[in-house]
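Novice: The structure follows.
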């Protein structure tokens, strides 16, 4: 320790302070970046969700009411035919009636 260190303590403390500040700034920089990213996501959340929904509709469009009704009718007919197939061995007349009901649609 020299006389100049005693006379001018600020000049001897500056390198230590610079190292401390640079380590704090180095640690805070990723946190600041994550904070900015989180803020942008919160601000633009409606836009992002709208874009995701639009892209989802491009990939798989929604069914119309007629298509939904047709799909439900097909499922019902297949279920009736499955029941008729199960009843074929025990009650052939009931199975025939169910098949006739299913054929009417």
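Residue numbers (full-length UniProt numbering): 1 to 105.
All residues carry an ideal CB built from backbone N, CA and C; glycine is no exception.
Bear in mind that the values here come from a model prediction, so they are computed numbers and not experimental data.
#1: Between the alpha carbons of residue 36 and residue 22, how many angstroms are there, rounded?
#2: In angstroms with no decimal places, state the Cα-to-Cα distance between residue 96 and residue 75.
#3: For a test of the three-state rule: what should DSSP assign to residue 22, helix, strand or coil?
#4: Buried or exposed for residue 98, going by 16 or more other Cβ atoms inside 10 Å?
#5: Look at the alpha carbon of residue 18 and the alpha carbon of residue 24, and state the distance between them as a whole number of angstroms.
Specialist: Based on what the coordinates show:
#1: Taken atom to atom, the span from the alpha-carbon of residue 36 to that of residue 22 is near 21 Å.
#2: Distance between the alpha carbons of residue 96 and residue 75: 19 Å.
#3: Judged by DSSP in its simplified three-state form, residue 22 adopts helix.
#4: Residue 98 should be labelled buried.
#5: Straight across, the Cα-Cα distance linking residue 18 with residue 24 is about 10 Å.
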